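Have a look at the structure below before the remarks.
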Amino acid sequence: MTTHNPTTPTLPEAQLGPAEKLLDLVLSGSAHLWHNRPGLDVNGVWHPAQGAKDTLVRRSTPVKPGLFVPAAVKLYRQLLDIYRLNTDLMAHFASYALTQTDWRDLKVATCALMLVQNHSGQPVREDDGSIAFLDDDFRAIGAAMLLHYERKSTRMLTPKAVLRVAELLETPEIARLNREAGFGDPASRKPPLGRWKAVATKWLRMREQNLPMLQGLVKAGYKETLKKIARKAGYKPVSQAFFEVLGWKQKQAAAGHRSVGLEGLNLVKRERFDGLSEAEICEWIERDRLSFKEVVGRLPKDLGLTPAIMAALLPSLSDRDLRMLTPTLEELGLMSDPAIRARWEKAVQTATDQRALHIVKNVRSQELKAKLEEASDNAAKAAVAEATAETDVRVMFLIDKSGSMEGAIEQSKEALSRILAGFPLEKLHIASFDTMGTVLKPKAASRAAVQHMLQGIQASGGTTHAAGVHALHRAGVRVPEEAKLIVIVVGDEAGESGDQLARAFRECGYDVAAMALLLSVVSTRGTTVRTCARQMQVPFSEVSVSQFEDPYQVPRVLKALLDAPTTPGASQSGWVERVMRTPLLKVA
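Oh and the sequence shown: position 518 is 518 in UniProt numbering, straight run, nothing missing.
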């Protein structure tokens, strides 16, 4: 056996095709690019500065809030690599990233790449100079990503994301990668921005021509972001109403060519609430439908955020805001109000990430803690439901509890507690194994039930993956002929040969559609699962259990792992098939 880094791809880098590299990016790319608090750079990995141990501080470099460049460079390099190998796959993935995921940083990075890459609809000429045809215009996909609008949808770029696309492209390290890829003039000192300025101008014009939309963005707290976009794009408004809504005082340019917004501006300014009573502030909030962001910075210091003010602000809060503000609602005593509690309960049901597990730490009530854990379960359930909507999918989990897992078993339990609650119990089959298999059944589809089921597992004994398969078969587990079976192994692969495991599946009559490995390893690993997948000629995916520490990564991974191929015997991931079926975005 050889030592192994859990994030190392299954195949040598030279053998990874664009599809494998794309799947690896999603399964192992949980890093966030932007952080709103000071951090520490530890070998290219961001850690929060607050509360960091001295040992970590000594071997780190302080980083300011904002873009974490090492993570941005890593992600952008991966996207460039996939683009070079298969531009069509990258174009479909960009469309998929915007319309089918909630991964905000990935949307920004893919949009940036599509706006600057070379396929821009340029004419391809015959030898005599005549135009034979036009090249694909994939820059139009980047433009469509910026301009895509769907009312009340979270799957479009926010004003902050529109600005971040430009900020990412302007980052020297990213600009250098783009020049090296041939996306800009190598002699130019200016970073390649592709179509960003033109599309950002169109984006602003659409909002200027729809003042209620512009006013809504200001109310949502994007006033300064809109100003930055306008400055960066060199935007020239057609009327002074644009400046008035933004409360943006203008002055004549040095060359004297300004004509709009210089005279008679009726600026909309945010007035502080100093001198007003609580009742007056609440009345103002309700009359003007003010948002939480608009209000908190304007409250008198001697009054602060009171229960009444918070209650008045509730209509402006999204479900995500409500979950995030649970500690504040608890502290203000608002969780005892039936109407507010009912609204909060609804927000718990709509969770799409597992950030609630972090919020739990700041909540006192055990009942609220349990409900927030339920939000985590709901995020996993939503991901499973979305991934299995088109096909009847059954999932078999095989959990390695052999002696080689000592030191890694607890991390595996935590990962499983975040995952397993997402599955309908009638379609979930679980067995642990060493040299003997043991069938496991959670009492309910919840994180608490999964933790209860796993608590007695201890690492010891040898490793025979097939023992888990045979145990499930003896327990009467059968998979309907029309269903697809996804097998997910949790462990280090250090067991019997892969052909023995493949033989066990065949002997038990299990027709496996795809296999995945949740890699949990201290120092060494084997090859059992990968070899088994090759023997059965089914797609194989691998992800480190450490990825599940990221509350946003669990839904992403589940969607990628559970997409079974549509064609029996296909070697390509069903998730990649789904990406390629995504219609290319077009500018409306």
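Glycine included, every Cβ here is placed at the ideal spot set by N, Cα and C. Computed from a predicted model, the values in this text were never measured in an experiment.
Label residue i either buried or exposed according to how many other C-beta atoms from any shown protein chain fall within 10 Å of its C-beta, with 16 as the threshold for buried.
{"i": "His358", "result": "exposed"}
{"i": "Asn43", "result": "exposed"}
{"i": "Arg506", "result": "exposed"}
{"i": "Val576", "result": "buried"}
{"i": "Asn362", "result": "exposed"}
{"i": "Leu168", "result": "buried"}
{"i": "Lys381", "result": "buried"}
{"i": "Val395", "result": "buried"}
{"i": "Leu517", "result": "buried"}
{"i": "Val116", "result": "buried"}
{"i": "Glu280", "result": "exposed"}
{"i": "residue 595", "result": "Within the shown structure, residues of the chain are numbered from 1 to 588, placing residue 595 beyond reach of any answer."}
{"i": "Ala14", "result": "Because the pLDDT at Ala14 is just 43, under 50, the model does not fix this residue reliably, and the value given afterwards should be weighed accordingly. That one is exposed."}
{"i": "Ile488", "result": "buried"}
{"i": "Lys223", "result": "buried"}
{"i": "Glu150", "result": "exposed"}
{"i": "Ala19", "result": "buried"}
{"i": "Met1", "result": "Confidence in Met1 is poor, its pLDDT being 29 and thus under 50, which makes the residue's placement too unreliable to answer from."}
{"i": "Pro186", "result": "exposed"}
{"i": "Val26", "result": "buried"}
{"i": "Lys346", "result": "exposed"}
{"i": "Lys371", "result": "buried"}
{"i": "Leu585", "result": "buried"}
{"i": "Val238", "result": "exposed"}
Quick one: what's got a C-beta closer than 6 Å to residue i's C-beta in the same chain, skipping five residues either side?
{"i": "Thr582", "result": "His92, Ser95, Tyr96"}
{"i": "Tyr552", "result": "Asp353"}
{"i": "Ser573", "result": "Leu23, Pro539"}
{"i": "Ala514", "result": "Ile486, Val538, Pro539, Ala564"}
{"i": "Tyr235", "result": "Thr201, Leu204"}
So, at 7 Å on beta carbons, what are the nonlocal neighbours of residue i in its own chain, with the 5 sequence-adjacent residues on each side left out?
{"i": "Pro12", "result": "Bear in mind that the predicted position of Pro12 carries a pLDDT of just 43, short of 50, making it unreliable; the figure below should be weighed with that in mind. Cβ neighbours of Pro12 beyond the five flanking positions: none."}
{"i": "Ala52", "result": "Leu40"}
{"i": "Ala502", "result": "Cys532, Gln535, Met536"}
{"i": "Thr467", "result": "The sequence shown places Ala at residue 467, rather than the Thr named in the question. Phe433, Thr435, Met436, Gly437, listed in sequence order."}
{"i": "Tyr83", "result": "Met90, Leu113, Gln117"}
{"i": "Asp127", "result": "none"}
{"i": "Pro6", "result": "Bear in mind that a pLDDT of 37 at Pro6, under 50, signals an unreliable position, so the model cannot answer this."}
Tell me which residues share the same chain as residue i and place their Cβ nearer than 8 Å to its Cβ, disregarding the 5 neighbours each side in the sequence.
{"i": "Leu106", "result": "Gly29, Leu75, Ala97"}
{"i": "residue 591", "result": "With the chain represented from 1 up to 588, any question about residue 591 goes unanswered, as that position is not in the structure."}
{"i": "Asp137", "result": "His119, Ser120, Gly121"}
{"i": "Asn378", "result": "Val348, Gln349, Thr350, Ala351"}
{"i": "Leu56", "result": "Leu40, Val42, His47"}
{"i": "Leu80", "result": "Leu113, Leu177, Ala181"}
{"i": "Pro307", "result": "Leu332, Gly333, Leu334"}
{"i": "Val284", "result": "Note on residue identity: the sequence assigns Trp, not Val, to residue 284. Within the same chain, Trp284 has close Cβ partners Phe273, Leu276, Leu290."}
Taking the DSSP output, what are the residues bridged to residue i?
{"i": "Met396", "result": "His429, Val487"}
{"i": "Val345", "result": "Correcting the residue identity first, residue 345 is Glu in this sequence and not Val. According to DSSP, Glu345 bridges with nothing at all."}
{"i": "Gly234", "result": "Gly234 is not bridged to any residue."}
{"i": "Ala516", "result": "Ile488, Ser541"}
{"i": "Gly437", "result": "Phe433"}
{"i": "Phe423", "result": "BP columns for Phe423 are empty, so no partner."}
{"i": "Ser120", "result": "Asp137"}
{"i": "Ile281", "result": "Its beta-bridge partners do not exist; DSSP assigns none."}
{"i": "Ile131", "result": "Arg125"}
Under the assumption that residue i contacts residue j (Cβ atoms under 8 Å), give the Cβ distance between them as a whole number of angstroms.
{"i": "Asp434", "j": "Gly461", "result": "3 Å"}
{"i": "Lys219", "j": "Leu313", "result": "In fact, because the Cβ distance is near 12 Å, the residues do not count as touching under 8 Å."}
{"i": "Ala200", "j": "Val587", "result": "Not really, about 14 Å apart at Cβ, beyond 8 Å."}
{"i": "Glu496", "j": "Thr528", "result": "6 Å"}
{"i": "Leu214", "j": "Arg205", "result": "Actually they do not touch by this definition, with Cβ atoms about 11 Å apart."}
{"i": "Val545", "j": "Ser376", "result": "Between Ser376 and Val545 the Cβ distance is about 16 Å, and since that is not below 8 Å, they are no contact."}
{"i": "Ala71", "j": "Pro62", "result": "Rounded, the Cβ-Cβ distance is 16 Å, inconsistent with contact."}
{"i": "Asp511", "j": "Leu485", "result": "6 Å"}
{"i": "Arg125", "j": "Ala132", "result": "6 Å"}
{"i": "Val108", "j": "Arg164", "result": "5 Å"}
{"i": "Ala356", "j": "Glu367", "result": "Not a contact, Cβ separation roughly 14 Å."}
{"i": "Glu542", "j": "Leu519", "result": "6 Å"}
{"i": "Thr225", "j": "Lys160", "result": "5 Å"}
Taking 9 Å as the threshold (beta carbon to beta carbon), is residue i in contact with chain C?
{"i": "Cys508", "result": "This model lacks chain C altogether; it includes just one protein chain."}
Just to check, is the beta-carbon of residue i closer than 8 Å to a non-hydrogen atom of the ligand SAM?
{"i": "Tyr76", "result": "No copy of the ligand SAM appears in this structure; indeed no ligand is present at all."}
Report the residue ranges of all alpha helix (DSSP H) runs contained in full by the stretch 302-388; include only those spanning at least 4 residues, in chain order.
307-313, 319-324, 326-331, 338-349, 356-359, 366-387
Residue ranges of each beta strand (DSSP E) within the stretch 35-78, 3 or longer
39-42, 45-48, 61-63
Within the stretch 134-194, ranges of the alpha helix (DSSP H) (whole runs, at least 4 residues):
139-147, 159-170, 172-180
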